[in-house]
């Protein structure tokens, strides 16, 4: 009888261990899939952002060339260069803000992904 109860106990332990391994594998798979999704979303976001930046830079260059063509004096050119320089500085500031917001978004997504595993 003790052999039968020992066998039952061992079967229960094996079943419990199998459940824990299966759950651990499930969490690992969810983490892997979630990580891949985050990476793909970030690649898509970065490519769209680079395309948007290229469009804006092209627009700024066209604006600079048209203003340069319209300037008729040294003072006009000086004012135009100062104005366009200020546009470039503002654009760079917005890029840096966007870069930091993007980094914060990536960190938040990573924390949420890791946090989902610990809540279960």
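In our numbering, the protein residues as written are 3 to 122.
Virtual Cβ for every residue (Gly too), placed ideally from N, Cα, C.
In angstroms with no decimal places, state the Cα-to-Cα distance between residue i and residue j.
{"i": "residue 111", "j": "residue 102", "result": "14 Å"}
{"i": "residue 55", "j": "residue 47", "result": "12 Å"}
{"i": "residue 123", "j": "residue 69", "result": "Here the chain comprises residues numbered 3 to 122, so residue 123 is not present and cannot be evaluated."}
{"i": "residue 17", "j": "residue 26", "result": "14 Å"}
Throw me the rounded Cβ distance for the residue i and residue j pair, which I believe falls under 8 Å.
{"i": "residue 115", "j": "residue 36", "result": "4 Å"}
{"i": "residue 108", "j": "residue 44", "result": "6 Å"}
{"i": "residue 86", "j": "residue 66", "result": "5 Å"}
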